[in-house]
Each structure stands twice: as C-alpha cells, then as structure tokens.
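Worksheet: one structure, shown below.
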Amino acid sequence: MLSHLSALGWWGLHRQVTGDLLHLSAPASAGLRSRPGVVVHRRQGLILEPPQVVIRRGLPTIRLEQALVDSWPMLPASEQRAPVIRAVNDRLTTPERLRVALTGVPKLDDRAALRTLLRRLAEGCRSPLEIWGHEHVFIGPGMPAFHRQTRVRVGRRSMYLDLFAERERVNIELDGATTHGEPRQREIDLRRDALLATIGILVVRFSHRRLVHEAGDVRRETLAILARRAPPTG
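Structure follows, in structure tokens:
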C-alpha cells in the first residue's frame, strides 16, 4: 500500500514530481523488497485492512495520520509543518488523532518539533504566523489568556477570531504576508471589522512584517490597547 511521502501526495498534501521515489509499506512477514525507484517499508503488526488502510482513489493507502507522521522527518524543515497544518485546517484530521499516531512512533526523528506543533494546533493556532505570535509575542506578563478561533455570530454571519480577549472585547487578527495585502481581501477584512464593531468588538490587525520584525513594539501596543479597553473595577 502507498505510505510515507507517496501516501501524503495521494492525500493531496504533498506535491510529487517525476522521479520521486515510490514509498510502499508491507507487513514484516511479506516478501516484498525495495528496488530502484521503490522503497518498501516493512512494519511489525501491519494489517492490510481498515482502519490501518483505506482505499483512496482506487489504491490502498495508509491512513492520513500515519502518512503525516511518517513523512515528517523526510521533508525539509521549511516544508514540514505545512501538510500538518493544512490537514487540520481542512478538517481531514485533528491534532488529537495525530498525537495518537505519533505515540506509535517513539523513535521518530525530530519528534519533539512535531509534538510541539500538534500542541499549538490543539491550542487553536491555525497558521505558522499564529504559532509565531503565540510563542514570541502574545505571551508573558500582562497578556490575557486569549481564546483562539472563537466563533462569533453577527446577524446571520459567523466569523472566527484569531485571538480574542473576551474581557476587553478585543480581537487581534494576524494578517499573513500573501492574501491580506490584496484589494479584494482588504475590502473583506474592512467589512468584517465593521460588523464586529457593531457588537462592541475592537479589531486590531498586525501584519506579518510587524509580527516578525517588530515583535516588541507589537507586544507593547497590544498591552496598551488591552489596558485601555479593560472594564473598570470596583
């Protein structure tokens, strides 16, 4: 059955090109052997039946969670997180299901980094920029326990807030480097922000550039905004 990077490609989460190795997994007792262009991974306890195997587009394929875990050390460091984040964002899997799959591979290379990523996804981070903000900006003394990906309804419309300080009613939005600079996306953002203002939520947007290169300034501004918006005590 397809496994590792070949399975990841078959799941639509990794771009494969001509000449890439074909990765297959087989039970340890099988007589299959690797050959030029084909790598056979022999697995103890593998049963070529559900739930370990699914039929995807006509081919037996290892389940998605296992493909993501097995492929992690095979990808360049700069490409490791994208398939995992996309799979969770597209609701193909969950951080918890991936965590369970990871427990079955205790000697996986760079296991700690994948475990940290799954923890961030479980906490509500949904992009590399949100993870950066979580780890480097929106932490420490004075920062509230932000709610991540909070669902808010305004009339008939539902919106998800990147970071929401409920007490202060402040929504921090982290604008990625690509889409948010486009005029169409800018108009969508402005309409959304205006809707949230009708229910008393202040939207504060920080760009990718500022979050990465001016993290200290962003943190100080955020704390000042939260202090100004805090309800009076007593």
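What the sequence shown shows, in this note's numbering, is residues 4 to 237, in sequence order. Beta carbons are placed, not taken as given, at the ideal position from N, Cα and C, and that holds for glycine. Keep in mind it's a predicted model, so treat the numbers as computed, not measured.
Measure the C-alpha to C-alpha separation of residue i and residue j and round it to an integer number of angstroms.
i             : j              : result
alanine 161   : proline 63     : Contrary to the premise, residue 161 reads as serine rather than alanine in this sequence. If you take the alpha carbons of serine 161 and proline 63, they lie about 38 Å apart.
tyrosine 163  : valine 43      : 43 Å
alanine 227   : isoleucine 204 : 16 Å
leucine 16    : arginine 89    : 8 Å
glutamate 138 : alanine 70     : 27 Å
serine 28     : serine 130     : 31 Å
histidine 211 : arginine 38    : 45 Å
isoleucine 50 : glutamine 19   : 26 Å
glycine 22    : tryptophan 14  : 19 Å
Pick helix, strand or coil for residue i, following the three-state DSSP scheme.
i             : result
valine 57     : strand
proline 63    : strand
glutamate 171 : coil
arginine 36   : coil
aspartate 234 : The residue asked about is misnamed: residue 234 is proline in this sequence, not aspartate. Three-state result, proline 234: coil.
glutamate 217 : coil
Got a sec? Which residues, its chain only, sit under 7 Å from residue i by beta carbon, not counting five neighbours each side?
i             : result
valine 206    : Asn174, Glu176, Asp196 and Leu199
methionine 77 : His7 and Leu8
alanine 104   : Glu68, Gln69 and Val72
Please go through the same chain and pick out, in chain order, the residues whose beta-carbon is closer than 6 Å to the beta-carbon of residue i, but skip the five residues on each side of it.
i            : result
histidine 26 : Ser6, His7, Leu8, Ser9 and Val42
alanine 233  : Glu171
valine 108   : Val72
Less than 8 Å between the CB atoms is what I'm expecting for residue i and residue j, so what's the real figure, rounded?
i                 : j             : result
glutamate 126     : arginine 94   : With a Cβ gap of about 17 Å, glutamate 126 and arginine 94 do not count as contacting.
phenylalanine 167 : threonine 153 : 4 Å
methionine 4      : valine 87     : Contact doesn't hold; Cβ gap of about 21 Å is too wide.
Skipping 5 residues on each side, what residues in its chain have a beta carbon closer than 8 Å to that of residue i?
i            : result
arginine 213 : Asp220 and Val221
threonine 97 : Val91
Let me know the beta strand (DSSP E) ranges lying completely inside the stretch 44-132, each 3 residues or longer, listed in chain order.
-> List check, beta strand (DSSP E) in window: 56-59 and 62-65.
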